[in-house]
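Visitor:
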Amino acid sequence: MQTTFEIRTNGAGLYEFTRDVIRWVQEQRQNNGLLTLFVQHTSCSLLIQENADPEVQTDMQAFFERLVPDTNHPSMSYLTHTYEGPDDMPAHIKAALTPVSLSIPVMNGALALGTWQGIYLFEHRTRPHSRRVVAHLSP
Amino acid sequence: MQTTFEIRTNGAGLYEFTRDVIRWVQEQRQNNGLLTLFVQHTSCSLLIQENADPEVQTDMQAFFERLVPDTNHPSMSYLTHTYEGPDDMPAHIKAALTPVSLSIPVMNGALALGTWQGIYLFEHRTRPHSRRVVAHLSP
Amino acid sequence: MQTTFEIRTNGAGLYEFTRDVIRWVQEQRQNNGLLTLFVQHTSCSLLIQENADPEVQTDMQAFFERLVPDTNHPSMSYLTHTYEGPDDMPAHIKAALTPVSLSIPVMNGALALGTWQGIYLFEHRTRPHSRRVVAHLSP
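Just so you know, the sequences run in chain order A, B and C. Going by numbering that gives the first Met the number 0, the first sequence opens with residue 0, and the numbers climb by one from there. Going by numbering that gives the first Met the number 0, the second sequence opens with residue 0, and the numbers climb by one from there. Going by numbering that gives the first Met the number 0, the third sequence opens with residue 0, and the numbers climb by one from there.
#1: For a contact defined as C-beta to C-beta under 7 Å, what are the partners of residue 115 of chain B on chain C?
#2: Whose Cβ in chain C lies nearer than 7 Å to the Cβ of residue 140 of chain A?
#3: How long is the line joining the alpha carbons of residue 27 of chain B and residue 0 of chain B, rounded to whole angstroms?
#4: Does DSSP put residue 94 of chain A in a helix, a strand or coil?
#5: Just the Cα atoms here: how many angstroms apart are residue 86 of chain A and residue 69 of chain A?
#6: CB residue 13 of chain B to CB residue 121 of chain B, shorter than 9 Å?
#7: How would you list, in chain order, the residues of chain B whose beta-carbon sits under 8 Å from the beta-carbon of residue 129 of chain C?
#8: Could you tell me which chain A residues have their CB closer than 9 Å to the CB of residue 69 of chain C, listed as they occur along the chain?
#9: Pop quiz: residue 134 of chain A and residue 17 of chain A are said to be a contact at Cβ under 8 Å. What is the actual Cβ separation, rounded to whole angstroms?
#10: Taking only beta-carbon atoms, is residue 1 of chain C less than 9 Å away from chain B?
#11: Quick check on the DSSP output: the beta strand (DSSP E) that includes residue 7 of chain C runs from which residue to which?
#12: Give a yes or no on contact between the segment 96-115 of chain B and the segment 95-104 of chain A, applying the rule of three or more CB pairs nearer than 8 Å.
#13: Indicate whether at least one CB of chain A lies closer than 9 Å to the CB of residue 76 of chain B.
#14: Identify the contact partners of residue 58 of chain A in chain B, using a Cβ-Cβ distance below 7 Å as the criterion.
#15: Using the beta-carbon count (16 or more within 10 Å), is residue 44 of chain C buried or exposed?
#16: Taking residue 46 of chain B as the query, report the chain A residues whose CB atoms sit under 9 Å from its CB, ordered along the chain.
#17: Is the beta carbon of residue 32 of chain C closer than 9 Å to that of residue 105 of chain C?
#18: Alpha carbon to alpha carbon, how far is residue 24 of chain C from residue 34 of chain B? Give it in angstroms, no decimals.
#19: What's the gap between the Cα of residue 58 of chain A and the Cα of residue 74 of chain A?
#20: How would you list, in chain order, the residues of chain B whose beta-carbon sits under 9 Å from the beta-carbon of residue 72 of chain C?
#21: Is it buried or exposed, residue 5 of chain C, if we count other Cβ atoms within 10 angstroms and call 16 or more buried?
#22: Any idea which residues DSSP pairs residue 112 of chain C with across the strands?
#23: Please check if any C-beta of chain A sits within less than 9 Å of the C-beta of residue 32 of chain C.
#24: To the nearest angstrom, report how far apart residue 50 of chain C and residue 115 of chain C are at their CA atoms.
#25: DSSP on residue 122 of chain A, reduced to helix/strand/coil?
#26: Check distances from the C-beta atoms of the segment 6-19 of chain A to those of chain B and list, in chain order, the residues that come in under 9 Å.
#27: Would you mind listing the beta strand (DSSP E) stretches within the segment 4-66 of chain A that are 3+ residues and don't spill past its ends, in chain order?
#28: If you drop the 5 nearest sequence neighbours on each side, which residues of the same chain put their C-beta closer than 8 Å to that of residue 55 of chain B?
#29: Which residues bound the beta strand (DSSP E) around residue 151 of chain B?
#30: For a quick check, are the C-beta atoms of residue 123 of chain C and residue 62 of chain C less than 9 Å apart?
#31: Distance check for residue 39 of chain B and residue 137 of chain B, CA to CA, integer angstroms please.
#32: Based on Cα-Cα distance, which residue from C:52, C:77, C:92 lies nearest to residue 67 of chain C?
#33: Report the three-state DSSP secondary structure of residue 73 of chain A (helix, strand or coil).
#34: Take residue 118 of chain C as the anchor and find which of C:15, C:81, C:9, C:125 has the nearest alpha-carbon.
#35: Compare the C-beta of residue 95 of chain C against all C-beta atoms of chain B and say whether one is closer than 9 Å.
#36: How about residue 118 of chain B: is its C-beta nearer than 9 Å to some C-beta of chain A?
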């Protein structure tokens with residue numbers, strides 16, 4: 000079973016879609032299996048992180064902004080792929096440092112997420128985008 | 000086939016559990032397939048790394064400590080999610096930079112690990128924890 | 000279905016093998032499924048990144064060289080696992096920051112890669128190597 004989630008983003012940051020994934024998995028009525036998510040882009044990524052305290056998400060975003068600043072920051076002047084703007088190449092780098100695919104077991108009909116684990120689309124571009132995440136449920 | 004490995008940790012660092020995984024895979028007597036490991040936490044992660052020289056593990060830990068220091072380090076004063084201590088948010092960040100899930104093919108009844116590859120739980124918290132890793136073996 | 004891709008590298012950088020993967024998947028004539036790639040080494044990794052502009056690949060390599068310089072750089076003098084040369088331990092660290100395994104859905108007989116996504120072996124060692132990537136196609 001396969002589907003595609005479409006996630007609209009409005010600037011860099013974490014966009015949770017845990018509920019959409021849980022609902023789709025339940026609809027498949029498969030007792031045990033493996034869910035795989037795959038993002039079809041190279042300037043955003045996937046992340047499983049704590050969804051209890053929203054500060055975790057803003058701190059996460061702040062860390063990656065400092066680790067890989069936009070190319071108008073002097074420390075990033077060595078980057079050459081900049082024709083789509085100062086957030087272009089840094090977005091590719093952030094996407095390389097975080098997952099493009101994630102696999103989560105399904106046990107007794109439910110996703111085996113830990114208590115505080117949420118599933119996020121991690122957007123690295125400044126402008127609004129529509130992002131596609133393919134889901135595959137295998138036996 | 001599914002199981003859960005429980006790994007007790009006692010401070011930040013790498014905890015190998017390759018043998019437990021190999022033993023469980025052998026017991027399933029499946030000739031070909033795919034093993035997926037998934038960690039049910041957001042402040043530790045998984046890692047496949049060299050298990051020949053223990054210095055690789057201490058160096059790895061040292062690098063991540065420098066890349067993401069505890070929040071009592073002045074460079075990390077921008078982080079706000081700190082109520083569980085100075086290692087709280089840095090642990091989430093380290094978990095975002097390393098895998099939450101790993102997939103390893105099973106060929107001819109054995110895990111297709113390279114000669115020097117070991118499977119580790121990468122603990123990012125200072126206090127002792129009991130960590131759960133779900134394993135799923137698919138066809 | 001399983002196979003092994005062998006990729007010869009000649010210094011640090013990104014080596015694309017998207018076409019080899021696409022060809023093998025097509026030959027399996029499986030309508031829907033999940034392709035998983037697993038690299039059997041601890042000093043190189045896998046990466047899905049933009050394959051339109053080659054500058055993305057050289058910029059990516061340049062970023063990782065700055066984030067984890069060789070051990071003859073003063074900032075890396077704390078590393079101890081150096082007997083295979085100044086690129087030894089940094090290669091392990093770069094491999095920890097990027098994927099050892101990747102999973103890509105197969106939809107309607109084709110890999111569900113996005114328009115600009117290419118599959119790369121990310122070599123972190125200076126000397127030439129022959130690298131093995133195991134592929135597994137599951138239902």
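Cβ atoms here follow ideal geometry from the backbone N, Cα and C, with glycine treated the same way.
Guide: Looking at the coordinates:
#1: Taking the first residue of the second sequence as position 1, residue 115 of chain B is located at position 116. What residue 115 of chain B touches in chain C: 41.
#2: Given a span of 0 to 138 for chain A in the structure shown, any question on residue 140 of chain A remains unanswerable.
#3: Counting from 1 along the second sequence, the entry for residue 27 of chain B is found at position 28. Counting from 1 along the second sequence, the entry for residue 0 of chain B is found at position 1. Approximately 8 Å, taken between the alpha carbons.
#4: One-based indexing of the first sequence puts residue 94 of chain A at position 95. In this structure, residue 94 of chain A counts as helix in the three-state DSSP scheme.
#5: By 1-based counting over the first sequence, the position of residue 86 of chain A is 87. By 1-based counting over the first sequence, the position of residue 69 of chain A is 70. Approximately 5 Å, taken between the alpha carbons.
#6: On the second sequence, position 14 is the one that residue 13 of chain B refers to. On the second sequence, position 122 is the one that residue 121 of chain B refers to. The answer is yes: Cβ separation under 9 Å.
#7: Against the third sequence, residue 129 of chain C aligns to sequence position 130. Per Cβ cutoff of 8 Å: no residues; residue 129 of chain C is ~12 Å from chain B at best.
#8: As a working note, residue 69 of chain C is residue 70 in the third sequence. Within chain A, no residue comes near residue 69 of chain C; the closest Cβ sits about 17 Å away, beyond 9 Å.
#9: Translated into the one-based positions of the first sequence, residue 134 of chain A becomes position 135. Translated into the one-based positions of the first sequence, residue 17 of chain A becomes position 18. Not really, about 12 Å apart at Cβ, beyond 8 Å.
#10: For this step, residue 1 of chain C is matched to residue 2 along the third sequence. True, the Cβ-Cβ gap to chain B drops below 9 Å.
#11: Taking the first residue of the third sequence as 1, we reach residue 7 of chain C at position 8. Run containing residue 7 of chain C: 1-9, per the beta strand (DSSP E) assignment.
#12: yes
#13: Along the second sequence, read from residue 1 onward, the residue named residue 76 of chain B stands at position 77. No, no contact with chain A.
#14: Your numbering for residue 58 of chain A matches position 59 in the first sequence. Residues of chain B passing the Cβ test: 78, 79, 80, 88.
#15: In the third sequence, counting from the first residue as 1, residue 44 of chain C sits at position 45. With 16 or more Cβ atoms within 10 Å of its Cβ, residue 44 of chain C is classed as buried.
#16: One-based indexing of the second sequence puts residue 46 of chain B at position 47. Near residue 46 of chain B there are no residues of chain A at all, since even the closest Cβ is about 14 Å away, more than 9 Å.
#17: Taking the third sequence and counting its residues from 1, the one referred to as residue 105 of chain C is at position 106. Taking the third sequence and counting its residues from 1, the one referred to as residue 32 of chain C is at position 33. Yes, Cβ-Cβ distance for residue 105 of chain C and residue 32 of chain C is below 9 Å.
#18: Your numbering for residue 34 of chain B matches position 35 in the second sequence. Your numbering for residue 24 of chain C matches position 25 in the third sequence. When rounded, the distance between both Cα atoms is 20 Å.
#19: Stepping through the first sequence from its first residue, residue 58 of chain A is reached at position 59. Stepping through the first sequence from its first residue, residue 74 of chain A is reached at position 75. Each residue's alpha carbon lies about 21 Å from the other.
#20: Reading the third sequence from its first residue, position 73 is the one you call residue 72 of chain C. None at all; the shortest Cβ gap to chain B is about 13 Å.
#21: On the third sequence, position 6 is the one that residue 5 of chain C refers to. When all chains shown are included, residue 5 of chain C counts as exposed.
#22: Numbered from 1 along the third sequence, position 113 holds the residue referred to as residue 112 of chain C. Answer by DSSP bridge pairing: none, since residue 112 of chain C is not bridged.
#23: On the third sequence, position 33 is the one that residue 32 of chain C refers to. Output row for residue 32 of chain C: interface = yes.
#24: Residue mapping note: residue 50 of chain C aligns to position 51 of the third sequence, counting from 1. Residue mapping note: residue 115 of chain C aligns to position 116 of the third sequence, counting from 1. Spanning the two alpha carbons is a distance of roughly 6 Å.
#25: Here residue 122 of chain A refers to the residue found at position 123 of the first sequence. It is a strand residue.
#26: none
#27: 12-15, 32-38, 43-49
#28: Translated into positions along the second sequence, residue 55 of chain B becomes position 56. If we look at residue 55 of chain B and ignore the five residues flanking it on each side, its Cβ neighbours are 48, 49.
#29: Not covered by the structure: residue 151 of chain B. The range shown for chain B is 0 to 138.
#30: Stepping through the third sequence from its first residue, residue 123 of chain C is reached at position 124. Stepping through the third sequence from its first residue, residue 62 of chain C is reached at position 63. Cβ atoms of residue 123 of chain C and residue 62 of chain C: not closer than 9 Å.
#31: Translated into the one-based positions of the second sequence, residue 137 of chain B becomes position 138. Translated into the one-based positions of the second sequence, residue 39 of chain B becomes position 40. Going by the C-alpha atoms only, they are around 19 Å apart.
#32: Indexing the third sequence from 1 puts residue 67 of chain C at position 68. Of the listed residues, the one whose Cα sits closest to residue 67 of chain C is C:92.
#33: Translated into the one-based positions of the first sequence, residue 73 of chain A becomes position 74. Helix, per DSSP.
#34: By one-based count along the third sequence, residue 118 of chain C stands at place 119. Looking at the Cα atoms, C:15 is the closest of the given residues.
#35: To locate residue 95 of chain C, count along the third sequence from 1; it is residue 96. So yes, residue 95 of chain C belongs to the interface.
#36: Position 119 of the second sequence holds residue 118 of chain B. False, the Cβ-Cβ gap to chain A never drops below 9 Å.
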